[in-house]
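Residue 191 in UniProt numbering is what sits at position 191 of the sequence shown, and the numbering runs on without skipping anything. Note that beta-carbon positions come from the ideal geometry of N, C-alpha and C, so glycine has one too. Nothing here was measured: the structure is a model prediction, and the numbers come from that model. Structure, as structure tokens:
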Amino acid sequence: MHFAWSDALVLFFYFGIVLYSGYKSGRKSSESKEFFLANRSLSWVPLSLSIVATETSALTFLSVPGIAYSGNFTFLQVVFGYILGRTVVALFLIPLTYHHNFLSVYEWVGTRFGRRSQKTMSGLFSVTRILGDGVRLYASTLPVAMLLELGLPKILPYSFTQYSIGVWTLIIVTLITVLYTMQGGFRSVVWVDTLQYFVYVFGGVFALVLLYQSSPEPLTILSSAWEENKLKVLEWENSSATYFMPWAVLGGALLSLGTHGADQMFIQRSLAARNVKDAQKAMISSGIAVFFQMILFLAIGTFLFYKFNGQTIAQDKVFSKFLIEEVPAPFLGLLLSGILASTMSTLSSSINSLSLTAKADFGWNLGGQKLSSLFFGILLFFSSFFFFSLPENYTKGLLELGLKISSFTVGSMVAVFLTEVIPFLRKRITVSDLGLALSLAGSILVTGIFGTVKNYNFTVLVPLGMILFWTLALIAGFIFPSRKQ
Numbered sequence: 001m002h003f004a005w006s007d008a009l010v011l012f013f014y015f016g017i018v019l020y021s022g023y024k025s026g027r028k029s030s031e032s033k034e035f036f037l038a039n040r041s042l043s044w045v046p047l048s049l050s051i052v053a054t055e056t057s058a059l060t061f062l063s064v065p066g067i068a069y070s071g072n073f074t075f076l077q078v079v080f081g082y083i084l085g086r087t088v089v090a091l092f093l094i095p096l097t098y099h100h101n102f103l104s105v106y107e108w109v110g111t112r113f114g115r116r117s118q119k120t121m122s123g124l125f126s127v128t129r130i131l132g133d134g135v136r137l138y139a140s141t142l143p144v145a146m147l148l149e150l151g152l153p154k155i156l157p158y159s160f161t162q163y164s165i166g167v168w169t170l171i172i173v174t175l176i177t178v179l180y181t182m183q184g185g186f187r188s189v190v191w192v193d194t195l196q197y198f199v200y201v202f203g204g205v206f207a208l209v210l211l212y213q214s215s216p217e218p219l220t221i222l223s224s225a226w227e228e229n230k231l232k233v234l235e236w237e238n239s240s241a242t243y244f245m246p247w248a249v250l251g252g253a254l255l256s257l258g259t260h261g262a263d264q265m266f267i268q269r270s271l272a273a274r275n276v277k278d279a280q281k282a283m284i285s286s287g288i289a290v291f292f293q294m295i296l297f298l299a300i301g302t303f304l305f306y307k308f309n310g311q312t313i314a315q316d317k318v319f320s321k322f323l324i325e326e327v328p329a330p331f332l333g334l335l336l337s338g339i340l341a342s343t344m345s346t347l348s349s350s351i352n353s354l355s356l357t358a359k360a361d362f363g364w365n366l367g368g369q370k371l372s373s374l375f376f377g378i379l380l381f382f383s384s385f386f387f388f389s390l391p392e393n394y395t396k397g398l399l400e401l402g403l404k405i406s407s408f409t410v411g412s413m414v415a416v417f418l419t420e421v422i423p424f425l426r427k428r429i430t431v432s433d434l435g436l437a438l439s440l441a442g443s444i445l446v447t448g449i450f451g452t453v454k455n456y457n458f459t460v461l462v463p464l465g466m467i468l469f470w471t472l473a474l475i476a477g478f479i480f481p482s483r484k485q
């Protein structure tokens, strides 16, 4: 382990830059449109990078290389689906909500069906965010704690446990994120996200260059990788493969359609664009940026395979092993900054989106916009801290559940918006406000049961949620018919 004082200084410098960027990019305004949507004045480029940074967690940064390490590049087929799903969102769902001057995307649901449905959608989003991002934040502190547990004793005369390091990492990350989110609102969230995107991408590029230069014959490695199908992208033949072409693309498209079409955290970036065309460009280009980002992470995994060839290493720990053993100071501090950047961008977006939906959908002021951000930052902290108190055998299962929470809800939630887009459904689903709220809650409950009891993955859960909602909404239309013309 090469962790030194220079790495610690890099981390402190990074935190300082983040706080300064949040302060400078924010504008002091009490208006909701400025605090939550940056007064709809943002360009599509930072919005696109903000979308990518928000959906990229520390788990993505550290785990995706393991996919190529143990397999090949066929995971990119899922990313093809991401681009397809976001294109559908951009062309059909964004115009549905952008032109109505909404703060929250769920205000459209209230206008179309009623306040009860709006609150149900917003409440489901809030619960999903608090639970899912609480687990994700907890999981993001684990690799940092593992790395610092070995490195801190080299610069400090004390020994630390992974638990204590993890808790302090959680406290520091939450505190800094809450500070810049309160200071500048959504404008600072987007611009700091953009900064953090470049930080962790640069960290990934540095790791790849280091692997390339440390290889005795890098061109021979690339040739061997090609011959051994380690660079294979399309899987047409083996239908039982993890990423079989039709199901991988369809699963990625449906998941992206659900998350980026019905999740306030992502749609908020579209609503903050200067115009609907910029909103569409931000959404589609974010999928393309994710594609190139995944190529970078998968390429790291390929070189790791040949570097540790013959060793038995768990795929989700191989990149961490490389960081611990091979990266010299102060560049380890840079890579740790990249890991923390991917965590903080997700956390800041959750805080701002939860504050927005509380105000716009429920009418809760919570002491003002800044105090509301503080409240949800503390709530997310305790949601994450809860998992530190559980035994390790429980947290393994909870991590998997946390990552699947979005699959439980996004299928049913995006189906509500697609009801307006698809003419066949728009004519036949004429359900009342109460009926739609019950249909939504029922479909998510059944989807969650299938996800936990039957352990279905997202390629099944997302379309299942959509079909369940439409089925229940059609039935509810007879029991609770709409009185609207």
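Which listed residue (the options) has its alpha carbon closest to that of residue i
i: Leu84; options: Ala358, Ile288, Ser270, Glu227; result: Ile288
i: Leu316; options: Phe297, Val327, Pro328; result: Per the sequence shown, residue 316 should be read as Asp rather than Leu. It is Phe297.
i: Phe480; options: Asp433, Leu103, Trp470; result: Asp433
i: Thr181; options: Ser345, Leu438, Asn309; result: Ser345
i: Ala314; options: Leu210, Leu62, Leu222, Thr120; result: Leu62
i: Ser164; options: Val178, Leu148, Leu179, Thr177; result: Leu148
i: Thr259; options: Ser342, Val453, Ala415; result: Ala415
i: Ser256; options: Leu436, Ser407, Phe450, His99; result: Ser407
i: Trp247; options: Ala58, Met466, Gly448, Thr74; result: Thr74
i: Ile295; options: Lys230, Ala282, Gln213, Ala4; result: Lys230
i: Tyr197; options: Ala4, Gly451, Gly338, Ser223; result: Gly338
i: Pro330; options: Phe206, Trp108, Phe113; result: Phe206
i: Leu59; options: Ser320, Phe305, Lys232, Ser43; result: Ser320
i: Phe292; options: Val201, Leu42, Leu131; result: Val201
i: Thr128; options: Thr409, Trp470, Val453, Ala476; result: Thr409
i: Leu195; options: Ile17, Ser126, Ser6, Met413; result: Ile17
Residue(s) in a DSSP beta bridge with residue i
i: Ala273; result: Leu42
i: Pro95; result: Its beta-bridge partners do not exist; DSSP assigns none.
i: Val431; result: Pro481
Alpha-carbon to alpha-carbon, residue j and residue i
i: Lys33; j: Asn39; result: 5 Å
i: Glu227; j: Leu175; result: 49 Å
i: Ile405; j: Gln162; result: 26 Å
i: Gln268; j: Tyr158; result: 45 Å
i: Gln264; j: Ser353; result: 6 Å
i: Thr111; j: Gln118; result: 8 Å
i: Val276; j: Thr54; result: 21 Å
i: Gln485; j: Arg426; result: Low confidence applies here, because Gln485 scores a pLDDT of 45, under 50, leaving its location unreliable and the question unanswered by this model.
i: Lys24; j: Asp193; result: 14 Å
i: Ser349; j: Val446; result: 29 Å
i: Gln280; j: Ala90; result: 5 Å
i: Phe13; j: Tyr20; result: 10 Å
i: Ser285; j: Arg86; result: 9 Å
i: Ser428; j: Leu474; result: Before going further, note that residue 428 is Arg rather than Ser in the sequence given. For Arg428 and Leu474, the distance between alpha carbons rounds to 7 Å.
i: Leu381; j: Leu371; result: In the sequence under discussion, the amino acid at residue 381 is Phe, which differs from the Leu named in the question. For Phe381 and Leu371, the distance between alpha carbons rounds to 15 Å.
i: Gly363; j: Phe376; result: 15 Å
i: Thr177; j: Leu347; result: 7 Å
i: Leu179; j: Leu438; result: 38 Å
i: Asn101; j: Val327; result: 49 Å
i: Asp278; j: Asn309; result: 46 Å
i: Ala253; j: Met466; result: 13 Å
i: Ser482; j: Leu472; result: 14 Å
i: Gly185; j: Ala262; result: 22 Å
i: Met283; j: Phe478; result: 37 Å
i: Ile378; j: Val64; result: 30 Å
i: Pro216; j: Ala225; result: 15 Å
i: Gly204; j: Leu152; result: 23 Å
i: Val233; j: Leu76; result: 6 Å
i: Phe469; j: Ala341; result: 37 Å
i: Val173; j: Gly132; result: 17 Å
i: Phe424; j: Tyr98; result: 23 Å
i: Val209; j: Leu219; result: 13 Å
Cutoff 6 Å; reference residue i; Cβ partners in own chain excluding five residues on either side
i: Val421; result: Phe92
i: Ser122; result: Tyr106, Thr357, Asp361
i: Asp7; result: Ala329, Pro330, Leu332, Gly333
Residues near residue i in its chain [Cβ-Cβ closer than 7 Å; skip 5 each side]
i: Gly251; result: Val78, Gly81, Phe458, Thr459
i: Ser384; result: Gly134, Leu137, Tyr138, Leu170
Neighbourhood of residue i by C-beta, 8 Å cutoff - its chain only, sequence neighbours within 5 removed
i: Leu103; result: Ser32, Lys33, Phe36, Leu37, Leu271, Leu356, Lys359, Ala360
i: Tyr456; result: Phe450, Leu464
i: Pro46; result: Val190, Trp191, Asp193, Thr194
Discussion item. Under 8 Å, with one C-beta from each stretch per pair, do the region 65 to 75 and the region 286 to 306 reach the 3-pair mark?
Written reply: yes
Discussion item. Is it the case that the region 141 to 149 contacts the region 451 to 462, given that we only count it when at least three CB pairs across the two stretches are under 8 Å?
Written reply: Too few Cβ pairs lie closer than 8 Å, so no.
Worksheet item: Looking at C-beta atoms only, is the number of pairs between the region 378 to 393 and the region 239 to 246 that lie closer than 8 Å three or more?
Response: no
Worksheet entry | Validate contact between the region 184 to 192 and the region 44 to 52 using beta carbons, cut 8 Å, 3 pairs | yes
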